[in-house]
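In what follows, a single structure is set out as structure tokens and then discussed.
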Amino acid sequence: MKNALILCLGLLLFLLSSCGSPSPSGVAADFAVALNDLDFEKARSLSTPKTHKIISVIETAAAMGQEETLAPKGRPDCTCEEKETMATCQCCYPAAETNEEDDCLPIIVVQKEGTWLVDVSKESLMNAVN
27 MKNALILCLG LLLFLLSSCG SPSPSGVAAD FAVALNDLDF EKARSLSTPK THKIISVIET
87 AAAMGQEETL APKGRPDCTC EEKETMATCQ CCYPAAETNE EDDCLPIIVV QKEGTWLVDV
147 SKESLMNAVN
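So for the sequence shown, the numbering used here puts the first residue at 27; every next one is plus one.
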């Protein structure tokens, strides 16, 4: 009985220690997938309050039948350059057969209270479109 308790406690500690916060690249990829799946609640849970406003605009457009897939379906490969509490990520989908280049989206991720969150501004959206 005592050995089983020690084993259970050891397993619990191992599981808790292996559960770190998601990386910036993981958060960026999850956010891109959520938007493409029109899962706006999940996208909000992965983003800053400032970004919630932009998600609401996208959600309104989707409700009006103007939804347009932002990128190819599937999970993008995101690589990020971290600088302290900010990461600049490039999330790329593999090139389609008809397209010679990968389709990439720039995504900014910031760390707030130990949690990485996507931070989209109007300016970053305009830069991504141009």
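Backbone N, C-alpha and C define an ideal beta-carbon position, used for all residues, glycine too.
For clarity, every value in this text was computed on a predicted model and none was experimentally measured.
Would you mind stating whether L131 and A58 have Cβ atoms separated by less than 8 Å? For the purposes of this step, residue 131 is identified with residue 105 of the sequence shown, where counting begins at 1. For the purposes of this step, residue 58 is identified with residue 32 of the sequence shown, where counting begins at 1. Contact flag set, yes.
So what does L131 bridge to, in DSSP terms? Here residue 131 is taken as the residue at index 105 of the sequence shown, counted from 1. For L131, which the question treats as bridged, DSSP gives the partners C117.
Residue range of the beta strand (DSSP E) that includes K109: Position 83 of the sequence shown holds residue 109. Counting along the chain, the beta strand (DSSP E) containing K109 begins and ends at D103 to K109.
Return the CA-CA distance between E85 and S71, expressed in angstroms with no decimal places. Residue 85 sits at position 59 when you count from the first residue of the sequence shown. Residue 71 sits at position 45 when you count from the first residue of the sequence shown. Going by the C-alpha atoms only, they are around 14 Å apart.
Relative to the C-alpha of C115, which candidate in K109, T105 and A121 has its C-alpha closest? Here the question's residue 115 lines up with position 89 in the sequence shown. Measuring from the Cα of C115, the nearest candidate turns out to be T105.
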